[in-house]
Amino acid sequence: MAKTFKRTRANKSGRRDLLRIGGTGLLQGLSLPALLQLQAEAALPSTAKAKSCIFFMLEGGPSHIDMWDLKPDAPKEIRGPYSPISTVVPGTQISELLPMSAGITDRLTILRSHSHKDNAHQTGRHWVLTGYPPSFADGQAKGIPFNELYPSIGSIVSRELGPRGAVPPYIEIPNALGPGGPGFYGARFAPFTISNDPVQADFRVPDLEIPNAVSRDRFERRQRLLKQAERLGKSSEAAGGAATLGEYYSRAVDLVTAPEARRAFDLQAENPDVRERYGFSSIGQCALMARRLVEAGCRFIGIDNGSWDTHFDNFSSHEKTLVPPTDRALTALITDLDDRGMLDETLVVMMGEMGRTPRINKDAGRDHWSQCQTVILAGGGIRRGVVVGASDETASYPVTQPYGIQDLLRTIFHLLGVDADRVYQTPTGRPVPIVNGGHRIDEVLA
Amino acid sequence: MSARDVLTGLIPNLAVVFRLQAVIFCAAVPSVTTATDATSLIVIPQNVLLQGPEASDQIVVLRSTEAGTVDITGQVQFEWPQQSIAEVLPGGRILPRTEGTAELRIRDQQLVADISVTVSGLLDPEPVSFHADVLPVLTRAGCNSGGCHGRAEGQNGFRLSVFGSDPGADHAALVSEGRGRRVFAAVPENSLLLRKATAEIPHGGGQKFSAGSRWYRMLRRWISEGMQLDSAEEDDVVRLRVQPEQMVLTAGMHRQLRVLAELRDGSFRPITAECDFESNQDDVADVDSQGQVTGVDVPGEAAILVRYAGHVTISRVIRPQPESTFQRPAENNFVDRLVWDRLQLLGIPVGQPADDATYLRRVFLDVTGTLPTPAEVREFLADTRSDRREQIVRDLMQRPEYASFWAQRWADLLRVDKDIIAPEGAVGMTRWIRSRIETNQPYDQFVREILTAGGSTFAASPAGFFQVHATPEDLARSTSQLFLGVRIECAQCHHHPFERWGQEDYFAWAGFFTGVKSSAQPGGGSKIRGLAGKPMAHPRTGVEIAPAPLGSAPASLSAEMDWREGVSDWMTSRDNPWFARMIANRMWSWYFGRGLVEPIDDLRSTNPASNEPLLDALAEHLVELNFDLQQFALLLTQSAVYQLDASTVAGNSTDDRNGSHALWRPLQAEVLLDAVSQATGTAAEFNGWPLGYRAIEIWDNKLPSRFLSVFGRPQRQTVCSCERGMEPSIAQALHLMNSETTLQQITSRHGRCAKLAESDQSPSEIIDELYLCTLSRFPSDAERQAMLPTFSEAASRSEAIQDLLWVLLNTREFVFNH
């Protein structure tokens, strides 16, 4: 395994280094599950409140001023057509576009003072999902993932916490988040991407199901034969990456055959009323899938939801296509998690890479606005029923302490029990802390 | 033969090495030995000279016996027969106390050695130097690292340059900024700098040193002396000297390093306490912050990096396997001699030779990225010529698959990206590369053509290289990493932390590429022209820097020439220190699955090869071959080392870098897909391409393919060989298991399974055929017996054949090269 100079002793000991030395042969005799077990035991620092995180990335940037942070007293060209409504928390008002969420604000922290300075999509998403500014300009990202160097939150969580069940620790749905990759951490910490939308009637997870042409009996016979072929042939001496692939193959067999894993991915098994409650929308069924994956032990589920970039017809888009399914999905998820006693150990984050301009443009749209955005947080050690922070009279800038991306990520990692100051080195030897700077947002913590 | 030759591996006798180590210490620094019979004490140094209140030195005490030399610094007693003028800490660190000269006695049971200690400069000390004293402290305490105040935006309003690369700015940050609170000459103890660093008041970075420590006293004295900024010329360190430069350690054994700064006037200053220490292989040898090295579990060689104020050096550690007797196999060529030397030195036994079938599969995959067909395996196994293993490589190099495969590899590295250079450009550039591979163009000419490319990016030409790398900075970074293994990108913003490169070097190098002009062509694509450029300016000082090759004097360039010629002349000259080494290492990694230097394109002096004499010899040989890469590949493949089996023997299973056995290597995505297609007797479908193309022939790096993306096809975003994902994943396992497309290939009506099912071959013959088409060998009797029942268990003969082929495609023996 390629290695570069690492930091001296004080900075480098730790359970994750077990994996790093995999290429040297020290792993022989220690199976991957055993290793993961070791890690899981070592990985429960005292700060951990959340075991899992469900992260909604509303791609394009949702309009905070039309959803969570209304300014009814602002001029007409700013305030938009929507009225605030009261919610279950006295004094907390949100938009009339979110009537269902109004019933669950007692379980949310509405953070109205998130602010950063990257006003573009790809670069902004890179910032939000990795905590680092990208080296490319907006529009130059090629391919997915486009975080070439810095790992995404999910990959970090995957590396630091490892799996706690049959399903992979980091799953993306219904497609890859642009900067959702592992960066320099390598393929081992890449997300398992379900590149299908669970709202589709023919939804299935690619490669997860045994092809229809292969019966269950036949699959089992093949696995039996494969074991023999591997034992009798040269595979029995596999080393290095081949040994690791063998461990992954066993995990993959578990994933394909273990009832709990299969059940997690099988949305058909869900009560139709529950599916209905989450809504038959992409975001609704993804949220439901996320809950099932958390139950099966997934650590980080990244939900990619698109089309929030409303330069044109901001209002009809938000009112008709964007907000209603989101309102329904968020409400159903929070309620469902709470009813099942899972909310306190499941962190839910909903945000975009930016908010939208308070001033309405000539196309009845709102443009990019990273200076102010509302982030919705819930569960997993987050305070219930509060609004944190405030923006000015036009929702343009925070008037309270602005919280940036590093602050937010540091808070997320704190709740998951990940040491945000841990340092890893890139292939060129550059030390990269998990979060570079920032302060934990204590106001949002329960 | 010099001592150095011995230590780098030519004489394998460990006892000799131990002895020579002692000789080297003696040669480097005088020492005293007090002999009692065969046992003696070696003390380093003989004379300790401590100048100034914060000076220190490192005493190292060794006990030498017939069995070897052991570091006993931590076990001896230090006594002052006359008067005590310095403090000796248990680890041998010595600190001044009062001025004078005295004897220091070192006692180890019956053995005694005396050394002389002189302390001066306490009463009237030299002023603390900002460059030589303060900045190293800030670096060592981590204050100016990229994660703390060295970040571009600083930390909490306090910004330092990374690793002290901009002393003037750092001095200003400390003395003038922060409303003058950071340093306070009247009461130095009240300086924010000291109060924060000692965590006397809350400090986000925690406590960096304690009040009263050496670093603390150094900074405090600098403040009380008025925060002088001495001129940079006063940094008179020429180079670092570490003792020992080489050592042999077994697991659990310790060895303390001592570091000296060699000054311009020829004298030495002890600086062990000021240095940073890091190991590049901490599973072989580890080092602590005091410079004590410890042997760890894995036999091999490690380099301990020693860093001090922008200077670096290394100490090499050999960690042999104890108690082994070495059987030296026969040699086919010099590669074997140098690998056996290394293995003998390390005490690692050599594995078994590979049989003909194993060798055949390996060379097919390595030379052509293609599996042998069953007929080719049968033919080779029947071949009785004694030179058949060489002849097959010569044959393979004439095949079209050879050119396609190597063209694809170079297209990855040269970043043939159709999204940037358009499909026409990707086709043109791929065709150019392929033509050069086909004609076996010498590598130096190949690189020269790339570096001086011009004309249309749509032509069969490497001109597109200058479209994907559109700026002088891009070209500086990519060309140095790709062709020289010099990663200079760090130096764009700050001094390279592990190397000598600074911003001057970076912009001197980038200056060569300032004359590249690109203009849009009417018919699409761009026209690239290489002209004279203009020197680039230092980003901080604004001073123009004349273009200069790395580590060399400025080039003589004229306004009439293509400045890139300055690069290509220097780069491809026979005495370039990196060029031949880089391609030798790259080729080695392609044929052996791991570079002699890893990462393969990071040839820092502080990142030595696992076998330096071998890499030296390979580079030299390549120059003698006039960079004929086919001849070079013949040398590699005909070595006994290459022809070893991947199985291990007792004592070599943890070795993955010294060549004691072959490695299990993942097939790159395209090769694996082609192997599946060939084994199933079908063609994979590529959207928009006529049926029948191999994946190694596809120039379209963005062609949608789940198989290729799951198995790590590179995006061609960098010239780094690390871009190709070669790590296994769960997604790969799932795809092997359940891929619908692979299933279709297995069950195809025109595929191998269908043909075998329709044939009149017996089950046993079919099993032979299936093993031959996947694993390129005949099954053993046990394997045949294990597979045969499938024919009765499965619903039909064709189902049985499909099952068996599916099984073989899912073995790691198939998925890997070994």
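Sequence order for the protein chains is A and E. Under this note's numbering, the first residue of the first sequence carries the number 8, and numbering increases by one thereafter. Under this note's numbering, the first residue of the second sequence carries the number 11, and numbering increases by one thereafter. For each residue, glycine too, the CB sits at the ideal point set by N, CA and C. Everything numeric in this text was worked out from a predicted model, so none of it was measured.
Excluding five sequence neighbours on each side, which residues of the same chain lie with their C-beta closer than 7 Å to the C-beta of E/Ser488? Here residue 488 of chain E refers to the residue found at position 478 when the second sequence is read from its first residue. Cβ within range, chain order: His479 and Val729.
In three-state DSSP terms, what is E/His264? Taking the first residue of the second sequence as position 1, residue 264 of chain E is located at position 254. Three-state DSSP puts E/His264 in a strand.
When we look at the beta-carbon of E/Gln87 and count the other beta-carbons within 10 Å, is it buried (16 or more) or exposed? Taking the second sequence and counting its residues from 1, the one referred to as residue 87 of chain E is at position 77. With fewer than 16 Cβ atoms within 10 Å of its Cβ, E/Gln87 is classed as exposed.
May I ask you to report which of helix, strand or coil DSSP gives E/Pro198? Position 188 of the second sequence, counting from 1, holds the residue named residue 198 of chain E. In this structure, E/Pro198 counts as helix in the three-state DSSP scheme.
With DSSP run on the structure shown, which of helix, strand or coil describes E/Phe826? Residue mapping note: residue 826 of chain E aligns to position 816 of the second sequence, counting from 1. E/Phe826: strand per DSSP, three-state reduction.
Give the DSSP-derived three-state secondary structure of E/Phe830 in the structure shown. The structure shown has nothing for residue 830 of chain E, since chain E only spans 11 to 828.
For A/Glu450, which residues of its own chain have a beta-carbon under 7 Å away from its beta-carbon, when the five flanking residues on both sides are left out? For the purposes of this step, residue 450 of chain A is identified with residue 443 of the first sequence, where counting begins at 1. For A/Glu450, where only same-chain residues beyond five positions count, the Cβ hits under 7 Å are Val395.
Which residues, in chain order, does the stretch 105-126 of chain A contribute to contact with chain E at a C-beta distance below 9 Å? If the cut-off is 9 Å between Cβ atoms, the stretch 105-126 of chain A has nothing near chain E.
E/Val327 versus E/Val258 - alpha carbon distance: Within the second sequence, the letter at position 317 stands for residue 327 of chain E. Within the second sequence, the letter at position 248 stands for residue 258 of chain E. Our two residues, E/Val327 and E/Val258, have alpha carbons roughly 6 Å apart in a direct line.
Helix, strand or coil at E/Phe344 according to DSSP, with G and I counted as helix: Within the second sequence, residue 344 of chain E is the residue found at index 334, counting from 1. Reduced to three states, the DSSP call for E/Phe344 is helix.
In terms of alpha-carbon separation, which member of E/Ser566, E/Gly535, E/Gln513 and E/Leu635 lies closest to E/Gly543? In the second sequence, counting from the first residue as 1, residue 543 of chain E sits at position 533. Closest by alpha carbon: E/Ser566.
Could you give the DSSP three-state label for A/Val95: helix, strand or coil? As a first step, residue 95 of chain A must be located in the first sequence, where it is residue number 88. Of the three classes helix, strand and coil, the one that applies to A/Val95 here is coil, per DSSP.
According to a CB-to-CB cut-off of less than 8 Å, which residues of the stretch 809-826 of chain E neighbour chain A? Cβ contacts with chain A come from Glu809, Asp813, Leu814, Trp816, Val817, Leu818, Asn820, Thr821, Arg822, Glu823, Val825 and Phe826.
Do E/Ser94 and E/Arg107 have their C-beta atoms within less than 8 Å of each other? Counting from 1 along the second sequence, the entry for residue 94 of chain E is found at position 84. Counting from 1 along the second sequence, the entry for residue 107 of chain E is found at position 97. In contact: E/Ser94 and E/Arg107 (Cβ atoms closer than 8 Å).
Relative to the C-alpha of E/Ala643, which residue among E/Arg205, E/Val437 and E/Asn450 is closest? Position 633 of the second sequence, counting from 1, holds the residue named residue 643 of chain E. Of the listed residues, the one whose Cα sits closest to E/Ala643 is E/Asn450.
Where the stretch 236-257 of chain A meets chain E: residues whose CB sits under 7 Å from a CB there: The residues in question are Ala236, Glu237, Leu239, Gly240, Lys241, Ser242, Glu244, Ala245, Ala246, Gly247, Gly248, Ala249, Thr251, Leu252, Gly253, Tyr255 and Tyr256.
Through-space distance from E/Ser578 to E/Thr467, alpha-carbon basis: Mapped onto the second sequence, residue 467 of chain E falls at position 457. Mapped onto the second sequence, residue 578 of chain E falls at position 568. Their Cα atoms are separated by approximately 20 Å.
Just checking: is the beta-carbon of E/Asp710 within a distance shorter than 8 Å of some beta-carbon in chain A? In the second sequence, counting from the first residue as 1, residue 710 of chain E sits at position 700. No, E/Asp710 does not count as interfacial toward chain A.
C-beta contact flag for E/Arg268 and E/Gly305 at 8 Å: Translated into positions along the second sequence, residue 268 of chain E becomes position 258. Translated into positions along the second sequence, residue 305 of chain E becomes position 295. Between E/Arg268 and E/Gly305, the gap from beta carbon to beta carbon reaches 8 Å or more.
Run through chain A and tell me which residues come within less than 7 Å of E/Arg326, C-beta to C-beta. Counted from its first residue, the second sequence places residue 326 of chain E at position 316. Neighbours of E/Arg326 on chain A: none; closest Cβ ~14 Å, over 7 Å.
From the DSSP output, which residues share a beta bridge with E/Lys527? By one-based count along the second sequence, residue 527 of chain E stands at place 517. E/Arg539.
Can you find a C-beta in chain E that's less than 8 Å from the C-beta of A/Ile163? Translated into the one-based positions of the first sequence, residue 163 of chain A becomes position 156. Chain E, which has no Cβ nearer than 8 Å to the Cβ of A/Ile163, makes this no.
Going by the CB atoms, is the gap between A/Gly304 and A/Gly187 shorter than 8 Å? If you number the first sequence from 1, residue 187 of chain A lands on position 180. If you number the first sequence from 1, residue 304 of chain A lands on position 297. No, Cβ-Cβ distance for A/Gly187 and A/Gly304 is not below 8 Å.
So the candidates are E/Gly222, E/Gln120 and E/His321; which of them puts its Cα closest to the Cα of E/Glu284? Along the second sequence, one-based indexing puts residue 284 of chain E at 274. Of the candidates E/Gly222, E/Gln120 and E/His321, E/His321 places its Cα closest to the Cα of E/Glu284.
With distances taken from CA atoms, which of A/Ala173, A/Leu233, A/Val439 and A/Leu384 is nearest A/Glu352? Within the first sequence, the letter at position 345 stands for residue 352 of chain A. Comparing Cα positions, the closest option is A/Leu384.
CA-CA distance, A/Val406 and E/Leu184? The residue given as residue 406 of chain A occupies position 399 in the first sequence. The residue given as residue 184 of chain E occupies position 174 in the second sequence. In a straight line, the C-alpha of A/Val406 is about 32 Å away from that of E/Leu184.
Helix, strand or coil, according to DSSP, for E/Gly312 in the structure here? Counting from one through the second sequence, the residue named residue 312 of chain E turns up at place 302. Note that residue 312 of chain E is Ala in the sequence shown, not Gly. DSSP places E/Ala312 in strand when its eight states are reduced to three.
Here's the rule I'm using: 16 or more other beta-carbon atoms within 10 Å means buried, otherwise exposed. How should E/Ser445 be labelled? Reading the second sequence from its first residue, position 435 is the one you call residue 445 of chain E. E/Ser445 should be labelled exposed.
Do you know offhand how far A/Gly110's Cα is from A/Ala297's? Here the question's residue 110 of chain A lines up with position 103 in the first sequence. Here the question's residue 297 of chain A lines up with position 290 in the first sequence. Within the model, the alpha-carbon separation for A/Gly110 versus A/Ala297 is close to 21 Å.
Once the 5 residues before and after E/Asp813 are set aside, which same chain residues still bring their CB inside 8 Å of it? Within the second sequence, numbered from 1, the residue matching residue 813 of chain E stands at position 803. Annotation for E/Asp813: Thr800 and Ala804 place their beta carbon closer than 8 Å to its own, counting only its chain and skipping 5 residues before and after.
Between E/Pro738 and chain D, is any beta-carbon pair separated by less than 8 Å? Looking at the structure shown, chain D is missing, and the protein chains on hand are A and E.
Cα-Cα separation, A/Val260 to A/Ser314: Indexing the first sequence from 1 puts residue 260 of chain A at position 253. Indexing the first sequence from 1 puts residue 314 of chain A at position 307. Each residue's alpha carbon lies about 37 Å from the other.
Check whether E/Gln401 and E/Arg395 have beta carbons under 8 Å apart: By 1-based counting over the second sequence, the position of residue 401 of chain E is 391. By 1-based counting over the second sequence, the position of residue 395 of chain E is 385. Taking a C-beta distance under 8 Å as the contact criterion, E/Gln401 and E/Arg395 qualify as a contact pair.
With distances taken between CB atoms, is the gap from A/Gly359 to A/Trp376 smaller than 8 Å? Sequence index remark: in the first sequence, residue 359 of chain A carries index 352 (1-based). Sequence index remark: in the first sequence, residue 376 of chain A carries index 369 (1-based). Going by beta carbons, A/Gly359 and A/Trp376 fall outside the 8 Å limit.
Between the beta-carbon of E/Glu483 and the beta-carbon of E/Ala520, is there less than 8 Å? Mapped onto the second sequence, residue 483 of chain E falls at position 473. Mapped onto the second sequence, residue 520 of chain E falls at position 510. Closer than 8 Å, so yes.
Assuming E/Ala694 is part of the beta strand (DSSP E), what are its boundary residues? Position 684 of the second sequence, counted from the start, is the residue given in the question as residue 694 of chain E. For E/Ala694, there is no enclosing beta strand (DSSP E), as DSSP marks it with neither H nor E.
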